[in-house]
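Only one structure is covered here, and it is reproduced in the block below.
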Amino acid sequence: MDTILGPLYYAVSWIIVQFHSLYSLVFDENSGWAWGLSIVSLVVLIRICLIPLFVKQIKATRNMQALQPKMKAIQERYKSDKQRQSEEMMKLYKETGTNPLSSCLPILAQSPFFISLYQVLNHIAQGKTVGVINKDLLDSARQAHVFGAPLSVKFMDSAAKVEKLGATLTDVRVVTVIMIVLMSLSQFYTQRQLMTKNVDLTVKTPFMQQQKMLMYVFPIMFAVFGINFPVGVLVYWLTTNVWTLGQQMFVIRRNPTPGSIAFTQRQERLRAKGKLKEDPAEVEAKKAVEAARARRQQPKRQPKAKRQLAGTAQQPDAGGEKTSLEKQQPEDTEPKPKQAGGGSSRNAKSGQRKGGPQRPKHPTKK
């Protein structure tokens with residue numbers, strides 16, 4: 356490992372030493388501020404250099420999300436022929452100019468620097484010179500403390516080793532636990548805002564499930580591996596997570612994924628400021644839809660109880676005038692007397708006629 360990454364040891368140690376020389380003009384050269392800020396500056400420098408790769412990662416991730424329906428169709432169509440399935444996948448990637456590995460470029464590019472920094476700090480903890488760090492710089496780095504914890508110690512180190520560097524085991528473990536918790540929380544929040552705000556809700560892909568799983572897996576990984584890293588590496592890792600969080604928040608606000616909640620919120624902000632340039636065809640379509648809704652809008656039907664109450668309110672008082680629906684008789688008209696025998700016809704049995712031969716009854720009628 357030392358042979359392969361030897362040049363990177365020199366590069367990482369040289370960058371740290373240059374920043375240390377700069378901060379020594381303000382702080383004590385043996386202080387944790389000088390060495391700690393040197394590590395933070397190393398992170399910032401590396402992440403600035405990785406911005407072009409980060410842009411490629413965003414484009415590749417969004418392209419992969421857009422291709423998920425087509426990829427799923429290919430998998431269903433050639434599920435019995437894995438070779439043909441792979442050929443069609445590669446053909447799809449080539450036609451769309453998508454590289455599946457582009458989404459991993461920032462992590463892959465950053466990993467060698469992370470390993471190199473770990474080895475540099477590990478050499479310092481063991482009292483060995485590494486890269487451009489000579490004996491004087493080695494002694495200065497070993498004396499540097501961050502909130503009472505030496506940069507070169509780990510959570511699992513023994514009390515005797517920690518005391519040799521002028522610290523207590525309690526201080527070391529408190530500092531490392533706080534840093535591990537902050538690392539885990541920052542990573543969790545980064546993944547959470549990615550899942551809740553910057554995912555296209557119109558497309559259901561396995562990518563969503565993977566991100567949801569990573570949202571809980573990464574904090575656990577930080578807790579497990581963090582206790583085996585020197586404090587200096589934890590400073591590097593925490594700074595990286597904070598940078599990633601801020602970078603993700605910037606992207607979600609300024610360039611969100613189309614179809615996501617963040618994209619809708621950005622459109623609303625631009626529309627409120629009058630900066631959103633909408634397609635004229637879409638504007639006309641929206642107006643047509645609103646006009647159609649206005650034409651189709653009908654008065655609401657009242658419940659039966661309300662209709663009954665309204666009818667009761669319109670009825671006249673007891674003893675008042677009769678309504679127009681009731682038949683009224685003139686006051687000067689007297690009721691006609693009943694004719695004699697007028698009820699005989701009603702009382703006549705069915706099937707009989709007046710003053711004539713009787714019709715025979717139907718057999719079914721009684």
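In this note's numbering, the protein residues as written are 356 to 721.
Ideal Cβ placement from N, Cα and C applies to all residues, glycine included.
For a quick check, are the C-beta atoms of residue i and residue j less than 7 angstroms apart?
i, j, result
"Pro455", "Leu408", "no"
"Val527", "Val517", "yes"
"Trp598", "Arg432", "no"
"Ala366", "Ser379", "no"
"Val588", "Leu476", "yes"
"His478", "Gly387", "no"
"Leu537", "Leu593", "yes"
"Ala480", "Ser507", "yes"
"Leu520", "Pro505", "yes"
When the Cα of residue i is compared with those of the options, which residue comes out closest?
i, options, result
"Met550", "Met538, Leu569, Met576 and Leu537", "Leu569"
"Val606", "Arg439, Ser396, Lys411 and Gly391", "Lys411"
"Ala617", "Leu589, Lys628, Val590 and Lys552", "Lys552"
"Ala496", "Gly482, Pro613 and Val517", "Gly482"
"Gln373", "Pro362, Leu422 and Leu392", "Leu392"
"Val586", "Tyr473, Asn418 and Val398", "Tyr473"
"Thr612", "Pro467, Asp383, Gly361 and Ala415", "Ala415"
"Asp383", "Arg439, Gln498 and Tyr364", "Gln498"
"Gly601", "Ala480, Lys446, Ile406 and Ala515", "Ile406"
"Leu363", "Arg417, Ser471 and Thr619", "Ser471"
"Ile582", "Gln548, Met576 and Phe510", "Phe510"
"Asp491", "Lys628, Ser376, Arg609 and Arg608", "Ser376"
"Lys449", "Asn610, Pro467, Ser466 and Asn418", "Asn418"
"Ile535", "Phe469, Ile575, Glu443 and Met445", "Ile575"
"Thr349", "Leu422, Leu524, Gly361 and Ile429", "It is not possible to answer for residue 349, since the shown part of the chain is limited to 356 through 721."
"Gln465", "Thr453, Leu400 and Thr451", "Leu400"
"Ala421", "Ser615, Phe469 and Lys628", "Ser615"
"Phe468", "Cys404, Lys437 and Thr453", "Cys404"
"Gln747", "Ser539, Asn489, Tyr571 and Thr453", "Given a span of 356 to 721 for the chain in the structure shown, any question on residue 747 remains unanswerable."
"Cys459", "Lys434, Thr451 and Ile413", "Ile413"
"Ser539", "Tyr571, Asn610 and Lys567", "Tyr571"
Which two residues bound the contiguous alpha helix (DSSP H) that contains residue i?
i, result
"Gln430", "Ile406 to Arg432"
"Gln474", "Leu460 to Ala480"
"Thr301", "This structure does not reach residue 301, given that the chain is present from 356 up to 721, and the question cannot be answered."
"Leu363", "Gly361 to Tyr378"
"Phe543", "Leu524 to Lys552"
"Lys446", "Lys437 to Thr451"
"Ala617", "Ile616 to Lys628"
"Ala515", "Ala514 to Lys519"
"Ser507", "Here Ser507 belongs to no alpha helix (DSSP H), and DSSP marks it neither H nor E."
"Asp494", "Lys490 to Gln498"
Is any beta-carbon of chain C found at less than 7 angstroms from that of residue i?
i, result
"Ser466", "Reference to chain C is not applicable here, since this structure consists of a single protein chain."
Below 8 angstroms on the Cβ atoms is my guess for residue i versus residue j; work out the distance and round it to an integer in Å.
i, j, result
"Ser513", "Asn596", "About 28 angstroms; that fails the 8 angstroms criterion."
"Ile394", "Ile371", "7 angstroms"
"Ser368", "Val529", "Ser368 to Val529, Cβ: 29 angstroms. No contact."
"Leu447", "Lys425", "6 angstroms"
"Tyr591", "Val398", "6 angstroms"
"Gln546", "Phe577", "The pair is not a contact, with the Cβ atoms about 12 angstroms apart (cut-off 8 angstroms)."
"Gln298", "Gln603", "Past the boundaries of the shown model lies residue 298; the chain is included only from 356 to 721, so the question cannot be answered."
"Leu631", "Gln622", "6 angstroms"
"Gly503", "Ala522", "6 angstroms"
"Ile429", "Met445", "Not a contact, Cβ separation roughly 11 angstroms."
Using a threshold of 6 angstroms, is the CB atom of residue i nearer than that to any non-hydrogen atom of the ligand GTP?
i, result
"Ser615", "Ligands displayed in this structure: none; no statement on the ligand GTP is therefore possible."
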